[in-house]
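Each residue of the sequence shown is one higher than the one before, starting from 1 at the first, in UniProt numbering.
Even glycine gets a Cβ: it sits at the ideal position worked out from N, Cα and C.
Nothing here was measured: the structure is a model prediction, and the numbers come from that model.
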Amino acid sequence: MPLFRHAEFVTSIAKPAGLPVAKGPEIAFVGRSNAGKSSAINALVGHTRLAYVSKTPGRTQLLNLFRTPAGLYLVDLPGFGFAKVPEAVRRGWADLIERYLHEREALVGLIHIMDVRHPLTALDRQLLDWFLPSGKPVHVLLTKADKLSHGARTATLAQVRRALAPWSGQVTVQLFSALRKQGVEEVETVVGGWLTGILLEPDGAHI
Numbered sequence: 001m002p003l004f005r006h007a008e009f010v011t012s013i014a015k016p017a018g019l020p021v022a023k024g025p026e027i028a029f030v031g032r033s034n035a036g037k038s039s040a041i042n043a044l045v046g047h048t049r050l051a052y053v054s055k056t057p058g059r060t061q062l063l064n065l066f067r068t069p070a071g072l073y074l075v076d077l078p079g080f081g082f083a084k085v086p087e088a089v090r091r092g093w094a095d096l097i098e099r100y101l102h103e104r105e106a107l108v109g110l111i112h113i114m115d116v117r118h119p120l121t122a123l124d125r126q127l128l129d130w131f132l133p134s135g136k137p138v139h140v141l142l143t144k145a146d147k148l149s150h151g152a153r154t155a156t157l158a159q160v161r162r163a164l165a166p167w168s169g170q171v172t173v174q175l176f177s178a179l180r181k182q183g184v185e186e187v188e189t190v191v192g193g194w195l196t197g198i199l200l201e202p203d204g205a206h207i
């Protein structure tokens, strides 16, 4: 069975204190508002509406947990950046994201969503600089790859890999298109490597 398929919604959390006790390994998805995070999650799980998709930045206002049949939890974090919401709300989102990424022991790795047309913004770099000292792996998805020509997206991929080369042992990068379902298997391979020996199937057997 594909790693992410048949995930089901578990709960939504508005504040760090609302986080439930972890019941399995967790993979977090984070990215700037409107970078294509919800579309990427939907493509990975094979469901068109599991994660909410909107053209309005900042619509993912809660931390949402989903569980796969194998016991892997996918954590959709609020988008950060230039969402059209009050400053107090943005601060609340930032606190929720930071507390989760810093304190959650069940977190195995981070999938960082970036629009291939606007990768490595100042906010993206800030998040990476803050998270990488944790030592946990980061996989960058350059989403909306279908929006660029083959040559342009290949050049962007190479550019981002060069920029992140100092962390090559911890950070990996790939192209992704939710529209064309491009890159799903590559994500599963990367995350599967993170989970070797720790992901439990429903019967409790280690993979």
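- By the beta-carbon neighbour count (other beta carbons within 10 angstroms, threshold 16), PRO78 is buried.
- Around the beta carbon of VAL21, fewer than 16 other beta carbons lie within 10 angstroms, which makes this residue exposed.
- Cβ-Cβ separation between GLY183 and LEU175: approximately 6 angstroms, consistent with a contact (criterion under 8 angstroms).
- Less than 9 angstroms separates the beta-carbon of VAL108 from that of LYS136.
- Sorting HIS47, ILE13 and HIS6 by C-alpha distance to the C-alpha of LYS181 places HIS47 at the top.
- Between LEU72 and ILE111, the CB-CB gap reaches or exceeds 9 angstroms.
- DSSP places ALA28 in the uninterrupted beta strand (DSSP E) bounded by 26-31.
- Rounded to the nearest whole angstrom, the CA to CA distance from LEU101 to PHE66 is 17 angstroms.
- Nearest in C-alpha terms to ARG99, of all of PRO16, VAL191 and LEU3, is PRO16.
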